[in-house]
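Written below as structure tokens is the structure these notes are about.
Protein chains in written order, with the numbering used here: chain B, 15 to 325; chain R, -8 to 178.
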């Protein structure tokens, strides 16, 4: 594995290897090992063209726990705001000796361009590109599901997961559908017709417009953030109506199976797609997802940079 | 006239069979008890994969001699290896610390084969991340020589003089369905 650009390029075996590696790394952390040595002397650049708190911090914590040197680069306050192109920024990072670049970009496909342009020789990790993909989020979601449903081993065969909300603008939803189906789970997308992308029927997931019919038999419900910053048109009449039709509240949560969990990639709009009492309930694993994110990103960085290049 | 070709060129010979292995482990257990004066602060840490299996067995043998249970764990050394960058990224194996921890304990590292000593060097680094044992000793089933570091074993099941072109293969019943140690000529 040289790059991680899409959750769809992972085979079942590769995905399980990442999750198993994350399990061992998480165990090392609980055993009190603060810092592990495998990436000593490697430089990792966090190249963030879009705002992010948890993903950037999560990658930074992951890289540092593996003893890598981390350079944070955010577009704000850099030469990008003076008009520097991705290519020139990449050439600069290459000249500084970056072994891997973790990139978040508002343009779908930017990580792919960076990885295959020949501008840099190191590995590229997609930390979210436009409305396209966010593979490490899907991996941490798969890890969280596996922890709760599969005793932390193997794949997700037979697990049923509903992904509810703004699928149209969600790179999280796309990466999750690709990865969870690779791992054998059954995925159901639930959204108003206006918030489903064209071609969603080819994704390999079931599609429903009705949340109440869709969550009673699932093992996990994953709520998506309504991404108003990406909305240039009216996709639904009012926030109140969206919440009424598609929000997860306590009454809806109580129709779920007893063991079913509630997930959210964050940041949440409390009161919009998820009510505060659901977010804070005992079924909610949202804080666990954040903790698992560090372990999963450690696993990705270790597998990418922990040996010679390739494989 | 048919001539049966003996597989004499197949370069594999058994140096320890199941009984030999069991006797060697029993002797190791007695030596550990003797040298540690009753094994009261003893913790065994096996190096995965087969070292960890052998550690569990050794702990059981010590327990049957002493009558008290011996904490046993596993110590993965992958991330502490000095040749990490020379091969593709390797899968990590479990590290299991017994509930007693390793702080102040007499830790005996257990591995199947002692060769260059580099695995044990990594193990010492990995162990020091987990705590500060009172002392660390080393038990191995087979010592095949060719050390590249100043490391020696405190307990040796069998000294096996080998050439560097040979491979020592330890198989354990838990993993391989058979207990035996073989030497093969590597191609």
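Where is the CB? At the ideal position from N, CA and C, for every residue including glycine.
Distance, residue 249 of chain B Cα to residue 347 of chain B Cα
Lying outside 15 to 325, the shown extent of chain B, residue 347 of chain B is not represented and no answer is given.
Assigned secondary structure, residue 169 of chain B (DSSP; H/G/I helix, E/B strand, else coil)
Reading the first chain from its first residue, position 155 is the one you call residue 169 of chain B. Secondary structure of residue 169 of chain B (DSSP, three-state): coil.
Minimum C-alpha distance to residue 32 of chain R - residue among R:23, R:66, R:69:
Taking the second chain and counting its residues from 1, one reaches residue 32 of chain R at position 41. The residue with the shortest Cα to Cα distance from residue 32 of chain R is R:23.
Simplified DSSP state of residue 89 of chain B, which is helix, strand or coil
Looking up residue 89 of chain B in the first chain gives position 75. Here residue 89 of chain B sits in coil by DSSP.
Considering only residues of the same chain and omitting the five flanking positions on each side of residue 326 of chain B, which have a CB-CB separation below 6 Å?
Any property of residue 326 of chain B remains undetermined from this structure, which presents chain B solely from 15 to 325.
Using a C-beta to C-beta distance shorter than 7 Å, which residues of chain R count as neighbours of residue 50 of chain B?
Start at 1 with the first residue of the first chain, and residue 50 of chain B comes out as number 36. Within 7 Å Cβ-Cβ: 70.
Is residue 310 of chain B close to chain R, meaning its C-beta is less than 7 Å from at least one C-beta of that chain?
Residue mapping note: residue 310 of chain B aligns to position 296 of the first chain, counting from 1. Chain R, which has no Cβ nearer than 7 Å to the Cβ of residue 310 of chain B, makes this no.
Own chain, CB closer than 8 Å to residue 198 of chain B, minus 5 neighbours either side, in chain order
Your numbering for residue 198 of chain B matches position 184 in the first chain. Taken in chain order, the residues that qualify are 26, 169, 170, 171, 172, 173.
May I ask you to report which of helix, strand or coil DSSP gives residue 62 of chain B?
Within the first chain, numbered from 1, the residue matching residue 62 of chain B stands at position 48. In this structure, residue 62 of chain B counts as strand in the three-state DSSP scheme.
Within its chain, find whatever has a CB closer than 7 Å to the CB of residue 81 of chain R; leave out the 5 residues flanking it on each side and keep chain order.
Taking the first residue of the second chain as position 1, residue 81 of chain R is located at position 90. For residue 81 of chain R, same chain residues with a beta-carbon under 7 Å away, outside a window of 5 residues either side, are 69 in chain order.
Identify which residue in B:160, B:61, B:255 has its Cα closest to the Cα of residue 112 of chain B.
Against the first chain, residue 112 of chain B aligns to sequence position 98. When only C-alpha atoms are compared, the closest one is B:61.
Give a yes or no on whether the minimum CB-CB distance between residue 325 of chain B and chain R is below 7 Å.
Locating residue 325 of chain B in the first chain gives position 311, where the first residue counts as 1. Confidence at residue 325 of chain B is low in this model, with a pLDDT of 38, below 50, so its placement is unreliable and the value that follows should be read with caution. Yes, residue 325 of chain B counts as interfacial toward chain R.
Could you tell me whether the Cβ of residue 80 of chain R comes closer than 7 Å to any Cβ of chain B?
Looking up residue 80 of chain R in the second chain gives position 89. At a cut-off of 7 Å, the C-beta of residue 80 of chain R has a neighbouring C-beta in chain B.
Identify, in the order they occur along the chain, each residue of the same chain with its Cβ nearer than 8 Å to the Cβ of residue 153 of chain R, setting aside the five sequence neighbours on each side.
Along the second chain, read from residue 1 onward, the residue named residue 153 of chain R stands at position 162. 135, 136, 137, 159, 174.
Ignoring anything shorter than 3 residues, give me the beta strand (DSSP E) runs that lie fully in the stretch 154 to 217 of chain B, in order along the chain.
Here the runs fully enclosed are 174 to 178, 200 to 204.
Determine whether the Cβ of residue 45 of chain B lies closer than 7 Å to any Cβ atom of chain R.
Locating residue 45 of chain B in the first chain gives position 31, counting from the first residue. For residue 45 of chain B, the answer is yes, since a Cβ of chain R falls inside 7 Å of its Cβ.
Helix, strand or coil: how does DSSP classify residue 22 of chain B here?
By 1-based counting over the first chain, the position of residue 22 of chain B is 8. Correct three-state label for residue 22 of chain B: helix.
Ignore the nearest five residues each way along the sequence and tell me which others in residue 207 of chain B's own chain have a CB closer than 8 Å to its CB.
Within the first chain, numbered from 1, the residue matching residue 207 of chain B stands at position 193. Correct list, in chain order: 223.
Could you spell out where the beta strand (DSSP E) holding residue 134 of chain B opens and where it closes?
The residue labelled residue 134 of chain B in the question sits at position 120 within the first chain. Where residue 134 of chain B is concerned, there is no enclosing beta strand (DSSP E), given that its DSSP letter is neither H nor E.
Closer than 9 Å by beta-carbon distance: list the chain R residues that pair up with residue 63 of chain B, in chain order.
Locating residue 63 of chain B in the first chain gives position 49, counting from the first residue. Those do not exist, as residue 63 of chain B stays about 28 Å from chain R at its closest Cβ, beyond 9 Å.
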